[in-house]
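The block underneath contains the structure these notes are about, expressed in structure tokens.
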Amino acid sequence: MAFVFYAVDLANRSSDVASAGGTAHTAHTAGTTAHTAAKSGKKTALPRSRSLRIGFSLTVLGFILHVAAAALRGLAAERVPFANMYEFALTATVAIVGIFLLVQFFVDLRFLGALVTGLTVLFLILTKMNYYVAVVPLPPALDSYWLIIHILVAVLAVGFLTLSFGLSVLQLLQTRRVNAAKAATEGETETLRFMRSFPDEVRLEDLSYRMAIIGFVFWTFTLIAGSIWAEAAWSRYWGWDTKEVWTFVIWVLYAGFIHARATRGWRGTRSAWLSIVAYTAVIFNFTIVNVFFKGLHAYSGL
38 MAFVFYAVDL ANRSSDVASA GGTAHTAHTA GTTAHTAAKS GKKTALPRSR
88 SLRIGFSLTV LGFILHVAAA ALRGLAAERV PFANMYEFAL TATVAIVGIF
138 LLVQFFVDLR FLGALVTGLT VLFLILTKMN YYVAVVPLPP ALDSYWLIIH
188 ILVAVLAVGF LTLSFGLSVL QLLQTRRVNA AKAATEGETE TLRFMRSFPD
238 EVRLEDLSYR MAIIGFVFWT FTLIAGSIWA EAAWSRYWGW DTKEVWTFVI
288 WVLYAGFIHA RATRGWRGTR SAWLSIVAYT AVIFNFTIVN VFFKGLHAYS
338 GL
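Numbering (our numbering), first residue to last: 38 to 339.
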């Protein structure tokens, strides 16, 4: 339901822009304002439409119910619900929505609502259809306090990296809209009008970069905690297991994204695409690697 109201809000934004007869000059002015806000570190001011308020309220309600569902799974299993793909997806989607709500205290990202809730619903549907397993006892290899530490930092990393991904997608769409607005002055029709009320592509890139840095820190701790746990369980810190390799590949991709932007001046669409590729590796690691590449980390439960 929250997704529906966020979608209605986007439709209303597009309609408002069209009825107001906004021009490319208006879009340029809005973009300049957003760019100034990005430099000053101020919150992005967005219109508080009724549908947006309802959508956000439903997101909070859905998050509470989502947390309750994860807690009930843990109570039924008499352990933390981190033991298989279904439980990881359940808690990771809790983290995605929870971090989305938490970030609102620092910067207004409600414009991401449709994307965040849409992805969350999609992930939950696919998880229910493909990865659901009944509650089973914890395998001996996972019966460690390191399970909680390792998976907790991993789901927090996924939460922030999902926001970074969403912002990068919007950055590309905003760039496309700006180019379309320029073409509209030559007689073509402007597309993605609703994004005129969004931050400009520079601000979106900056926000994506910040979310990626936080997610990268948590992912680094995921690697470290996993290595320490591996030494305790298998008497080695690193064994080139498929899951270990792909976790490291993701770390390298995000390290490259952060380094390239900070030192090599990678900005604009190149930066956004690198962020999207890195997040695609996260999804690949969770789905394809877990299901089709068997190894010491074969705890999918399927």
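All C-beta atoms, glycine included, are put in the ideal place defined by N, C-alpha and C.
Mark residue i as exposed unless 16 or more other C-beta atoms lie within 10 angstroms of its C-beta, in which case mark it buried.
i	result
Phe143	exposed
Ala269	exposed
Pro177	exposed
Leu146	buried
Phe323	buried
Asp180	exposed
Leu193	buried
Trp266	buried
Ala218	buried
Met38	exposed
Measuring only the C-alpha atoms, how far is residue i from residue j?
i	j	result
Met342	Phe137	No answer is possible for residue 342: the residues shown for the chain start at 38 and end at 339.
Phe294	Val195	16 Å
Val117	Leu127	12 Å
Val13	Leu200	Because the chain spans 38 through 339 in this model, residue 13 falls outside it and cannot be assessed.
Ala114	Ile185	14 Å
Ala48	Ala132	28 Å
Val286	Leu175	28 Å
Phe330	Leu109	30 Å
Tyr274	Ser312	28 Å
Ile261	Leu189	13 Å
Val319	Ile251	15 Å
Phe119	Phe125	5 Å
Glu238	Thr212	6 Å
Gly203	Ala129	16 Å
Ser272	Phe42	52 Å
Arg50	Lys165	34 Å
Ser245	Arg214	18 Å
Leu198	Phe160	15 Å
Nearest chain B C-beta to residue i closer than 8 Å, yes or no?
i	result
Tyr123	The structure shown contains no chain B, having only a single protein chain.
Return yes when the C-beta of residue i is under 7 Å from any heavy atom of the ligand HEM, and no when it is not.
i	result
Ile295	The ligand HEM is not part of the structure shown, which contains no ligands of any sort.
Can the beta-carbon of residue i be found less than 8 Å from the beta-carbon of residue j?
i	j	result
Tyr123	Tyr182	no
Ser88	Val45	yes
Leu290	Val326	no
His187	Thr300	no
Phe40	Ala151	yes
Thr284	Gly302	no
Minimum length 4: unbroken alpha helix (DSSP H) runs contained in the segment 169-233 | 182-221
Identify every run of the alpha helix (DSSP H) within the segment 229-259, keeping only runs that are complete inside it and at least 4 residues long; order them along the chain.
-> none
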